[in-house]
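Student: Residue numbers (this note's numbering): 11 to 523.
Beta carbons: idealized from backbone N, C-alpha and C, even for Gly.
If you scroll down you'll find the structure; I have some questions about it.
In structure tokens:
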């Protein structure tokens with residue numbers, strides 16, 4: 011959980027007693043989800059500020075999405091946990107605010123688990139509790155110049171997340187003077203039969219264990235000499251993944267960092283290694299990144315997912331400009347839910363991320379807007395392309411351009427340059443870019459090594475976002491865009507004789523209407 015200094019929020023109006031049920035009424039505002047730049051098939055709150063996804067957990071048929079939320083303005087303020095639920099990870103129902111600030115501080119990022127065995131003792135009448143684990147941020151402590159102003163707290167729910175009770179013994183992990191001590195991710199380690207917590211402490215991760223979610227013992231640290239260190243480490247996650255097509259498995263550690271991402275500002279690196287119940291180790295020498303776009307940050311994965319998939323959601327923004335994007339009623343959205351997989355490539359094991367297959371249900375059995383094969387290029391115009399999926403295959407050994415544009419000469423360009431081992435995304439002329447200097451300052455890039463003779467490209471475009479997946483998530487760009495009118499022209503250009511194959515455009519209906 012990253013925050014920006016905003017000291018007018020010291021007066022925390024409406025703090026709640028730490029032990030009371032904290033869910034009240036749904037936020038008192040409405041939205042038709044038709045404001046300029048409002049995304050139509052991504053999650054966003056009806057109004058006000060949102061950032062990191064929190065407490066991603068599945069329980070009794072429901073996927074929970076909690077998130078960092080400030081209900082009184084469209085810029086960062088005293089953090090609460092907002093709440094939404096879904097049965098399919100595609101359509102979302104807004105719920106009342108789950109957690110409010112209290113005397114221990116603001117409610118920063120964290121996670122949630124299902125305590126199936128009632129190790130916490132919070133369960134009652136056979137109901138397994140949901141337990142949220144989060145960071146308290148005491149603003150008064152920070153302002154006083156202390157370094158112990160972040161601690162870890164817990165709360166529990168016995169009605170599948172509708173209401174929450176703070177633990178009377180909070181905080182469960184105090185602070186001996188560690189700045190940036192936050193963002194706990196907790197999971198049940200089946201091998202050691204204990205709860206494991208990973209949180210971050212400025213420039214490294216710390217691992218703890220517990221038998222009851224209340225009493226925690228520090229086990230080990232990781233990362234002071236590993237990975238990217240251009241900024242503060244945030245929002246960790248640790249999980250085991252089977253290697254695709256194999257019975258072998260590895261552990262993956264996600265670490266978000268701000269600043270220090272490869273294309274500026276916020277980004278998420280990952281490490282592939284091993285976990286022995288106490289320590290995480292890796293022989294990885296260089297940082298690996300889950301996404302080279304500038305708008306996929308603080309992403310974490312679901313606990314208790316019923317289909318043994320590793321599902322991921324990220325915050326679709328960047329701290330370089332998150333407070334300044336040109337929206338008025340709300341600010342920020344989430345990425346599409348994505349399925350993470352470990353796959354072997356020429357360069358070694360890599361983590362791929364590709365839209366969860368339930369996203370396909372939004373376009374299932376719908377006639378394509380346009381479909382064709384082409385000898386060397388595709389050109390199509392006349393339909394506003396602001397709520398669509400675009401797919402095609404192209405020769406991987408030739409330079410290829412994918413361009414979306416409109417009559418105002420606003421455009422975005424995706425370029426593949428296999429001879430230079432490079433893939434680029436250009437939004438410098440995409441529309442509104444002058445609300446913050448870095449937003450449209452330069453073309454973004456990432457290393458690109460073709461995995462065969464042909465590459466597969468899938469593009470999801472919404473009112474103010476584009477998510478690009480190449481070779482089923484081996485290469486990803488997630489970017490915000492703000493065209494003043496919708497793009498209505500698409501071009502795909504490749505000079506190879508084999509041309510562009512399986513090109514199609516599908517419309518995607520709004521999930522809010």
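Just list the residues that DSSP pairs residue 318 with in beta bridges.
Tutor: By one-based count along the chain shown, residue 318 stands at place 308. According to DSSP, residue 318 bridges with nothing at all.
Student: Which whole runs of the alpha helix (DSSP H) in the region 380 to 461 are 4 residues long or more, in chain order?
Tutor: Qualifying alpha helix (DSSP H) stretches: none in this window.
Student: So, for residue 364: in the same chain, excluding its five sequence neighbours on each side, which residues have a beta-carbon less than 7 Å away from its beta-carbon?
Tutor: On the chain shown, residue 364 is found 354 positions in, with the first residue counted as 1. So the qualifying residues of the chain are 348, 349, 479, 482, 483.
Student: Excluding the 5 residues preceding and the 5 following residue 62 in the sequence, name in chain order all residues of the same chain whose CB lies nearer than 7 Å to its CB.
Tutor: Your numbering for residue 62 matches position 52 in the chain shown. Taken in chain order, the residues that qualify are 11, 77, 78, 119, 245, 308, 325.
Student: Count the other C-beta atoms from every protein chain shown that fall within 10 angstroms of the C-beta of residue 504, then say buried if there are 16 or more, exposed otherwise.
Tutor: Mapped onto the chain shown, residue 504 falls at position 494. Its Cβ being crowded by 16 or more others within 10 Å, residue 504 is buried.
Student: Alpha carbon to alpha carbon, how far is residue 491 from residue 243?
Tutor: If you number the chain shown from 1, residue 491 lands on position 481. If you number the chain shown from 1, residue 243 lands on position 233. So the two alpha carbons sit approximately 26 Å from each other.
Student: Among the candidates 436, 458, 296, 465, whose CA atom is the shortest distance from the CA of residue 451?
Tutor: To locate residue 451, count along the chain shown from 1; it is residue 441. The option with the nearest alpha carbon to residue 451 is 436.
Student: In angstroms, rounded to a whole number, what distance separates the CA positions of residue 306 and residue 417?
Tutor: Here residue 306 refers to the residue found at position 296 when the chain shown is read from its first residue. Here residue 417 refers to the residue found at position 407 when the chain shown is read from its first residue. Approximately 29 Å, taken between the alpha carbons.
Student: Does the Cβ of residue 34 have 16 or more other Cβ atoms within 10 Å, making it buried, or fewer, making it exposed?
Tutor: Locating residue 34 in the chain shown gives position 24, where the first residue counts as 1. Because residue 34 sits at a pLDDT of 46, beneath the cut-off of 50, its placement in the model cannot be relied upon, and the point is left open.
Student: At the level of alpha carbons, what is the spacing between residue 38 and residue 93?
Tutor: Here residue 38 refers to the residue found at position 28 of the chain shown. Here residue 93 refers to the residue found at position 83 of the chain shown. Confidence at residue 38 is low in this model, with a pLDDT of 48, below 50, so its placement is unreliable and no value can be given for it.
Student: Given that a residue counts as buried once 16 or more other Cβ atoms are within 10 Å of its Cβ, and exposed if not, what is residue 334?
Tutor: As a working note, residue 334 is residue 324 in the chain shown. Counting Cβ neighbours within 10 Å, residue 334 comes out exposed, since fewer than 16 surround it.
Student: Could you spell out where the alpha helix (DSSP H) holding residue 149 opens and where it closes?
Tutor: Position 139 of the chain shown, counted from the start, is the residue given in the question as residue 149. Start and end: 149 to 153.
Student: Quick one: using the 10 Å Cβ neighbour count with 16 as the cut-off for buried, is residue 97 buried or exposed?
Tutor: For this step, residue 97 is matched to residue 87 along the chain shown. Exposed, because fewer than 16 other Cβ atoms sit within 10 Å of the Cβ of residue 97.
Student: Between residue 283 and residue 263, is the Cβ-Cβ spacing less than 8 Å?
Tutor: Taking the first residue of the chain shown as 1, we reach residue 283 at position 273. Taking the first residue of the chain shown as 1, we reach residue 263 at position 253. In contact: residue 283 and residue 263 (Cβ atoms closer than 8 Å).
Student: Excluding sequence positions up to five away, which residues of its chain have a Cβ less than 6 Å from the Cβ of residue 523?
Tutor: If you number the chain shown from 1, residue 523 lands on position 513. Here the set comprises nothing.
Student: Hey, how far is the Cα of residue 271 from the Cα of residue 232?
Tutor: By 1-based counting over the chain shown, the position of residue 271 is 261. By 1-based counting over the chain shown, the position of residue 232 is 222. Straight-line Cα distance between these residues: approximately 19 Å.
Student: Enumerate in chain order the residues of its own chain whose CB-to-CB distance from residue 129 is below 8 Å, with the five nearest sequence positions on each side excluded.
Tutor: Counting from 1 along the chain shown, the entry for residue 129 is found at position 119. Closer than 8 Å at the Cβ level, and outside the excluded window around residue 129, lie 205, 221, 222, 223.
Student: Taking the alpha-carbon positions, what's the residue 336 to residue 444 distance?
Tutor: Here residue 336 is taken as the residue at index 326 of the chain shown, counted from 1. Here residue 444 is taken as the residue at index 434 of the chain shown, counted from 1. Near 10 Å, if we compare the C-alpha coordinates of residue 444 and residue 336.
Student: Could you tell me the boundaries of the beta strand (DSSP E) in which residue 346 lies?
Tutor: Here residue 346 is taken as the residue at index 336 of the chain shown, counted from 1. Careful: residue 346 lies outside any beta strand (DSSP E) and carries neither H nor E.
Student: Let's test the definition: count the other Cβ atoms within 10 Å of the Cβ of residue 136 and tell me whether it reaches 16, buried, or not, exposed.
Tutor: For the purposes of this step, residue 136 is taken as the residue at position 126 of the chain shown. The residue in question, residue 136, is exposed, as its Cβ has fewer than 16 Cβ neighbours within 10 Å.
Student: Say yes only if the C-beta of residue 41 is nearer than 7 Å to one or more non-hydrogen atoms of the ligand HEM, and no if none qualify.
Tutor: The ligand HEM is not among the ligands present in this structure, which contains no ligands whatsoever.
Student: Taking all protein chains shown into account, do 16 or more other C-beta atoms lie within 10 angstroms of the C-beta of residue 227, making it buried, or fewer, making it exposed?
Tutor: Reading the chain shown from its first residue, position 217 is the one you call residue 227. Flag for residue 227 reads exposed.
Student: Cα separation between residue 68 and residue 285?
Tutor: Working through the chain shown from its first residue, we reach residue 68 at position 58. Working through the chain shown from its first residue, we reach residue 285 at position 275. Each residue's Cα considered, the two are about 24 Å apart.
Student: Can you give me the C-alpha to C-alpha distance between residue 345 and residue 398, rounded to a whole angstrom?
Tutor: Taking the chain shown and counting its residues from 1, one reaches residue 345 at position 335. Taking the chain shown and counting its residues from 1, one reaches residue 398 at position 388. Residue 345 and residue 398: Cα-Cα distance of roughly 15 Å.
Student: In whole angstroms, give me the CA-to-CA distance for residue 514 and residue 214.
Tutor: The sequence position of residue 514 within the chain shown is 504, counting from 1. The sequence position of residue 214 within the chain shown is 204, counting from 1. Answer to the nearest angstrom: the Cα atoms are 45 Å apart.
Student: If you draw a straight line from the alpha carbon of residue 171 to that of residue 512, how long is it in whole angstroms?
Tutor: The residue you call residue 171 lines up with position 161 of the chain shown. The residue you call residue 512 lines up with position 502 of the chain shown. In a straight line, the C-alpha of residue 171 is about 44 Å away from that of residue 512.
Student: Looking at the strands, I want to know which residues DSSP matches up with residue 74.
Tutor: As a position in the chain shown, residue 74 is number 64, starting the count at 1. DSSP, once it has assigned bridges, lists 67, 95 as partnering residue 74.
Student: Select from 111, 290, 164, 65 the residue whose C-alpha is nearest the C-alpha of residue 122.
Tutor: In the chain shown, counting from the first residue as 1, residue 122 sits at position 112. For residue 122, the nearest C-alpha among the options comes from 65.
Student: I'd like the list of long-range same chain contacts for residue 525, defined as Cβ closer than 7 Å, with 5 residues on each side in sequence excluded.
Tutor: There is no way to answer for residue 525, as the model of the chain reaches only from 11 to 523.
Student: Identify which residue in 369, 208, 456 has its Cα closest to the Cα of residue 427.
Tutor: To locate residue 427, count along the chain shown from 1; it is residue 417. It is 456.
Student: Apply the 10 Å Cβ neighbour rule to residue 153 and answer buried if 16 or more other Cβ atoms are within range, or exposed otherwise.
Tutor: Stepping through the chain shown from its first residue, residue 153 is reached at position 143. With fewer than 16 other Cβ atoms within 10 Å, it is exposed.
Student: Could you give the distance in angstroms between the alpha-carbon of residue 500 and the alpha-carbon of residue 391?
Tutor: As a working mapping, residue 500 is identified with position 490 in the chain shown. As a working mapping, residue 391 is identified with position 381 in the chain shown. The straight-line gap from Cα to Cα measures roughly 6 Å.
Student: Kindly give me the distance between the Cβ atoms of residue 115 and residue 147, rounded to whole angstroms, as I take these residues to be in contact under 8 Å.
Tutor: Here the question's residue 115 lines up with position 105 in the chain shown. Here the question's residue 147 lines up with position 137 in the chain shown. Right, the Cβ-Cβ distance comes to about 5 Å (below 8 Å), so this counts as a contact.
Student: Can you tell me whether residue 32 is buried or exposed? The criterion is at least 16 other CB atoms within 10 Å of its CB, across all chains shown.
Tutor: Here residue 32 refers to the residue found at position 22 when the chain shown is read from its first residue. Since pLDDT at residue 32 reaches only 43, below the 50 mark, its modelled position is unreliable, and no value is offered.
Student: When burial is assigned at 16 or more other CB atoms within 10 Å of the CB, is residue 304 buried or exposed?
Tutor: Locating residue 304 in the chain shown gives position 294, counting from the first residue. The residue is buried, with at least 16 neighbouring Cβ atoms inside 10 Å.
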